[in-house]
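Some notes on the structure that comes next.
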Amino acid sequence: MKELKLMKGNEALAEAAIRAGSDAYFGYPITPQSEVIEYLMAHNPYERTGMVVLQAESEVASINMVYGAAGCGKRVLTTSSSPGISLMQEGISYIAGAELPCVVANVVRGGPGLGTIQPSQSDYFQAVKGGGHGDYKLITLAPATVQETVDYVKLAFELAFKYRNPVMILTDGIIGQMMEKVELFEQQPRLTEQFDWATKGKVSGKDHVIITSLQLQSEEQEKVNLRLQAKYREVEKNEVRYVTHHCDEEIDYMIVAFGSCARIAQKAMEEARKQGIKIGLFRPQSLYPYPYDAINKMAGKLKGILTVEMNAGQMLEDVKLAVNGKTKVEFYGRFGGMIPSPNEILNAIKTKLIGEK
Amino acid sequence: MSELIKPENLVYQKSKVLTDKVMHYCPGCGHGAAHKMLAEAIDELGIQNETIGVAPVGCSVLAYYYFDLDMTEAAHGRATAVATGIKRVMPDKYVFTYQGDGDLAAIGTGETIHTCNRGENILIVFINNGIYGMTGGQMAPTTLEGMKSSTSPFGRDIKTMGNPLKLTEIVAQLKGTYYVTRQSVHTPGNARRTKRVLKKALEYQKLNKGTCFVEIVSNCPSNWKMSPVEANKWMEENMFPFYPLGDIKVPEQ
Ligand SMILES: Cc1ncc(C[n+]2csc(CCOP(=O)(O)OP(=O)(O)O)c2C)c(N)n1
Ligand code: SF4
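From first to last, the protein sequence lines stand for chains A and B.
Its first residue numbered 1, the first sequence is counted upward by one per residue in the working numbering.
Its first residue numbered 1, the second sequence is counted upward by one per residue in the working numbering.
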């Protein structure tokens, strides 16, 4: 049954994980996402659906538990925040290399180092450009609302199994901590399918199943890489997601922003439009694959683009790649846990894009 | 000859839990015998189709080619976490890890202790050869005092390099472990005892009473720079006094 509720982002994520028919969650507490495991522990998923929840001794252990369980063909997820996600990188690389499905949510906080527990978007590079070692990609979804967080948990599992690839939900301390109205989707059944590729005990008459990312022969390892690259091209063809505001109207300028930052940017855009500035907002929902083509198409008709992020300009590089010199690209960002205000963004529109003094 | 090759004359057969792949282990290395004992234990219990194994990073990284079992290859040191993930979603399967001393007692110490402390119902097979075999004979946490390795070329100096670690004795103290023992596979008698021990440990898994931990004190002729015979003699004279064979924790009757 669908349900309308007022929920905190992290708790909604946890409830969505149960409802998505997850088989297991492995995690380790860290602010600002500890509510995920707290909610799971308090809401008896094992009694409700048979979902296993385990607090591991570290993020290194959690991601390797995810690896083991994902190799059994189960729906498995973990969540953490920046320092914890850094610790998981080796495991994520193994999961990508062994081509296993799983969902990892990063409720980003400011860095580097122990940084701050306040929200940030400074793990963009880590999420979309690799993170761990080797040539691999994480399908990366960036929700801007608690509702999208919930919907993306379900979508993330669908994509993870469709492509047998880890999927990252890149959210932040704002969305994780704020309360919003959400419509929760109906309880999905847990998987009953026995996948050929999964470890489940050798099936008589069939080859034994091996989950590994190791190929000692370079020729073989190159083949693995070519297979991965072919898969990523498919992902890039099929899974680009974004929303636009006023971008199909006559506009001179456009803001590009993702996640919670896009909501603040939207306020700034509305204010700018009230003041007669012809401006729209482009919000990528998938950060990998990135909507390069859509932004490139827009760029030709624009006098300028302002990228707004809660970091020192990471997605900015992808916006520039997309624009490819067709128009000027400016940047406004706050970092270290600071959140830009709509007024600051409005000011950046005027000074950086329009060139007012 | 041909009249001799008859089923009724069969005295020994390779376990069907081992594949036909030629093992890459050096001559005289204990890994081969340890694999064989584990495979035979699984075979004799008739649980080949219900067993999932986890291979480590180390010389036995390719164990998944040799066991005809569904297997996962874990990152260096993380085998027991991987096995935890498997066992938690497949509680009816027999799950084991097979790990070297670098894997289990250095980089994976945290996972080893916490897995044992949670009492995960898995079997941990721990191959202690006192050295890092795969990477060319560097010092392991288990390297004996004074023992030479490529990173302790003048012998392990306790003052600067720390003491050899007896992780098996440590996990035996944890409530989560059910059965903890130390064996070897360097003689037919020891190998047979190890097989009995492995069978018992796998049978215990059905009871859901906690972690079974089987250390096998082994050798590394290549990196000890000895012949197989010398290596086994050296192991008896030097490894066994420090790592004595026998049960360390047995189930309470
Ligand atoms: C994260 C990481 N660090 C280091 C290595 C390199 N490495 C591979 S095997 C190994 C040691 C293996 O020794 P041991 O576990 O004792 O097994 P053996 O080879 O002796 O059987 C090391 C350090 C690695 N693969 N991954
Ligand atoms: S290097 Fe040592 S542990 Fe590795 S296979 Fe050779 S003898 Fe065995």
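C-beta: ideal position from N, C-alpha, C; glycine also.
Is residue i helix, strand or coil by DSSP?
| i | result |
| --- | --- |
| Ile122 of chain B | coil |
| Asp103 of chain B | helix |
| Arg273 of chain A | helix |
| Met235 of chain B | helix |
| Met71 of chain B | strand |
| Glu40 of chain B | helix |
| His31 of chain B | helix |
| Cys220 of chain B | coil |
| Tyr232 of chain A | helix |
| Met23 of chain B | coil |
| Ile360 of chain A | Within the shown structure, residues of chain A are numbered from 1 to 357, placing residue 360 of chain A beyond reach of any answer. |
| Cys247 of chain A | coil |
| Arg88 of chain B | helix |
| Ser149 of chain B | strand |
| Glu8 of chain B | helix |
| Lys237 of chain A | helix |
| Ala105 of chain A | strand |
| Leu281 of chain A | strand |
| Lys223 of chain A | helix |
| Gly304 of chain A | strand |
Using CA coordinates, which residue listed in the options is at the minimum distance from residue i?
| i | options | result |
| --- | --- | --- |
| Ser218 of chain B | B:Lys225, B:Met239, B:Leu207 and B:Gly246 | B:Met239 |
| Lys350 of chain A | A:Tyr136, A:Tyr332, A:Gln33 and A:His43 | A:Tyr332 |
| Met168 of chain A | A:Ile174, A:Glu158 and A:Glu271 | A:Glu158 |
| Thr140 of chain A | A:Gly337, A:Arg19, A:Val240 and A:Glu183 | A:Val240 |
| Tyr25 of chain B | B:Asn223, B:Asn163 and B:Ser152 | B:Asn223 |
| Glu234 of chain A | A:Leu6, A:Tyr124 and A:Asn165 | A:Asn165 |
| Gly158 of chain B | B:Met134, B:Leu167, B:Ile170 and B:Thr143 | Contrary to the premise, residue 158 of chain B reads as Ile rather than Gly in this sequence. Minimum Cα distance to Ile158 of chain B is reached at B:Thr143. |
| Ala105 of chain B | B:Gln183, B:His76, B:Glu145 and B:Ile5 | B:His76 |
| Asn10 of chain A | A:Cys72, A:Ser58, A:Leu170 and A:Ile279 | A:Leu170 |
| Thr192 of chain A | A:Ala12, A:Thr49, A:Ala17 and A:Ala348 | A:Thr49 |
| Tyr124 of chain A | A:Lys326, A:Lys357, A:Glu317 and A:Gly325 | A:Glu317 |
| Lys225 of chain B | B:Glu111, B:Gly133, B:Met37 and B:Lys206 | B:Gly133 |
| Ala70 of chain A | A:Gln187, A:Gln217 and A:Phe161 | A:Phe161 |
| Thr145 of chain A | A:Gln285, A:Leu346, A:Glu356 and A:Ile339 | A:Gln285 |
| Asn129 of chain B | B:Lys148, B:Ile113 and B:Lys199 | B:Lys148 |
| Lys278 of chain A | A:Gln89, A:Glu249, A:Ile345 and A:Leu13 | A:Glu249 |
| Cys116 of chain B | B:Tyr178, B:Glu50, B:Leu198 and B:Pro244 | B:Tyr178 |
| Tyr152 of chain A | A:Pro189, A:Gly300 and A:Leu77 | A:Leu77 |
| Gln194 of chain A | A:Cys72, A:Glu47, A:Ala230 and A:Pro342 | A:Cys72 |
| Lys87 of chain B | B:Gly102, B:Ala191 and B:Met71 | B:Met71 |
| Leu198 of chain B | B:Pro244, B:Lys233, B:Phe213 and B:Pro153 | B:Phe213 |
Check for me: the beta strand (DSSP E) holding residue i runs from which residue to which?
| i | result |
| --- | --- |
| Gln55 of chain A | Val52 to Gln55 |
| Leu198 of chain B | Note, Leu198 of chain B: premise wrong, no beta strand (DSSP E); alpha helix (DSSP H) at Pro188 to Gln205. |
| Pro244 of chain B | Run containing Pro244 of chain B: none; DSSP gives neither H nor E here. |
| Gly333 of chain A | Lys328 to Gly333 |
| Lys181 of chain A | Met179 to Leu184 |
| Gln183 of chain B | Thr177 to Ser184 |
| Leu255 of chain B | The shown model of chain B, from 1 to 253, leaves out residue 255 of chain B, and the question about it has no answer. |
| Met254 of chain A | Tyr253 to Val256 |
| Pro166 of chain A | Pro166 to Asp172 |
Between which two residues does the alpha helix (DSSP H) carrying residue i extend?
| i | result |
| --- | --- |
| Tyr94 of chain A | Gln89 to Gly97 |
| Arg19 of chain A | Gly9 to Arg19 |
| Ala63 of chain B | Ala63 to Tyr66 |
| Ala61 of chain A | Glu59 to Ala70 |
| Glu317 of chain A | Met315 to Val323 |
| Phe161 of chain A | Val146 to Tyr163 |
| Thr49 of chain A | Pro45 to Thr49 |
| Tyr290 of chain A | That residue, Tyr290 of chain A, is in no alpha helix (DSSP H); it is neither H nor E in DSSP. |
| Leu141 of chain A | Here Leu141 of chain A belongs to no alpha helix (DSSP H); instead the beta strand (DSSP E) covers Ile139 to Leu141. |
Within 7 Å of chain A by C-beta, residues of the segment 112-129 of chain B in sequence order: Answer in chain order: His114.
Residues of the segment 42-73 of chain B with a CB closer than 9 Å to any CB of chain A: list them in chain order, please. Of all residues in the segment 42-73 of chain B, only Ile47, Gln48, Asn49, Glu50, Thr51, Ile52, Gly53, Val54, Ala55, Val57, Val61, Leu62, Tyr64, Tyr65, Phe67, Asp68, Leu69, Asp70, Met71, Thr72 and Glu73 come within less than 9 Å of chain A when Cβ atoms are compared, listed by chain position.
Can you pull out the residues from the segment 52-70 of chain A whose beta carbon lies closer than 9 Å to at least one beta carbon of chain B? So the close ones are Val52, Leu54, Ala56, Glu57, Ser58, Val60, Ala61, Ser62, Ile63, Asn64, Met65, Val66, Tyr67, Gly68, Ala69 and Ala70.
### Message
Which residues of the segment 6-31 of chain A have a Cβ closer than 9 Å to any Cβ of chain B? Give them in chain order.
### Response
Contacts with chain B (Cβ-Cβ distance below 9 Å) from the segment 6-31 of chain A involve Asp23, Ala24 and Phe26, listed in chain order.
Residues of the segment 188-204 of chain A in Cβ contact with chain B at a cutoff of 9 Å, in chain order, please.
Only those residues of the segment 188-204 of chain A whose C-beta falls short of 9 Å from the nearest C-beta of chain B are listed: Ala198, Thr199, Lys200, Gly201, Lys202, Val203 and Ser204.
Mind listing which residues of the segment 76-90 of chain B have their C-beta closer than 9 Å to chain A's C-betas, in chain order? Hits within the stretch, in order: His76, Gly77, Arg78, Ala79, Thr80, Ala81, Val82, Ala83, Thr84, Gly85, Ile86, Lys87, Arg88, Val89 and Met90.
- Query: If you measure beta-carbon to beta-carbon, which residues of the segment 98-113 of chain B are closer than 9 Å to chain A?
  - Reply: Listed by position, the residues of the segment 98-113 of chain B near chain A (Cβ gap below 9 Å) are Gly110, Glu111 and Ile113.
When you check each C-beta in the segment 80-102 of chain A against every C-beta of chain B, which residues fall closer than 9 Å?
Cβ contacts with chain B come from Glu90, Gly91, Ser93, Tyr94 and Ala98.
Counting only Cβ-Cβ distances shorter than 8 Å, please list the residues of the segment 132-166 of chain A near chain B, keeping chain order. Per Cβ criterion, the list is empty.
Give, in chain order, every residue of the segment 16-35 of chain B whose Cβ lies closer than 7 Å to some Cβ of chain A. Hits within the stretch: zero.
Contact list for the segment 173-207 of chain B against chain A, Cβ threshold 8 Å: For the segment 173-207 of chain B, no residue has a beta-carbon sitting nearer than 8 Å to a beta-carbon of chain A.
Check your understanding: For the segment 208-224 of chain A, which residues have a beta carbon sitting closer than 9 Å to at least one beta carbon of chain B?
Key -> If the cut-off is 9 Å between Cβ atoms, the segment 208-224 of chain A has His208, Val209, Ile210, Ile211, Thr212, Ser213, Leu214 and Leu216 near chain B.
- request: Could you name the residues of the segment 226-240 of chain B whose beta carbon sits closer than 7 Å to any beta carbon of chain A, in the order they occur along the chain?
  value: Legend: CB atoms of the segment 226-240 of chain B lying less than 7 Å from CB atoms of chain A are not found in any residue.
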